[in-house]
Amino acid sequence: MVVCVCNAIRERELRAVAKDGQLRCAKAAYAQLGRKPKCGQCLSFARNIISDAAATA
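Mapping the sequence shown onto full-length UniProt numbering, position 23 (from 1) lands on 23, and the numbers just tick up by one.
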């Protein structure tokens, strides 16, 4: 599923970044993917995905 349309970031990409690192912030995950949030509408959803992935790691 596409999480961020502006940057074409998929859920699996966010989960992989969250699982590999100690990220707790969506903006840090975007930076690790080499992108920045643009409109910001996806950040709350991205935070949920990151916290879920970190909890299961």
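Ideal placement from N, C-alpha and C gives every residue a C-beta, glycine not left out.
Close Cβ partners of residue i (< 8 angstroms) along its chain, the five nearest in sequence each way excluded
i, result
"L43", "A26, K27, P37"
Rounded Cβ spacing between residue i and residue j (contact assumed at less than 8 angstroms)
i, j, result
"A46", "L23", "A46 to L23, Cβ: 10 angstroms. No contact."
"R12", "V2", "In fact, because the Cβ distance is near 10 angstroms, the residues do not count as touching under 8 angstroms."
"A53", "K19", "5 angstroms"
"I50", "A29", "6 angstroms"
N- and C-terminal bounds of the beta strand (DSSP E) containing residue i
i, result
"V2", "2-4"
First and last residue of the uninterrupted alpha helix (DSSP H) at residue i
i, result
"residue 142", "No answer is possible for residue 142: the residues shown for the chain start at 1 and end at 57."
"K36", "Careful: K36 lies outside any alpha helix (DSSP H) and carries neither H nor E."
"L23", "First-last for L23: undefined, no H or E at that position."
Same chain only: Cβ atoms within 7 angstroms of residue i, ignoring 5 sequence neighbours per side
i, result
"C6", "K38, C39"
"L33", "I9, E13, V17"
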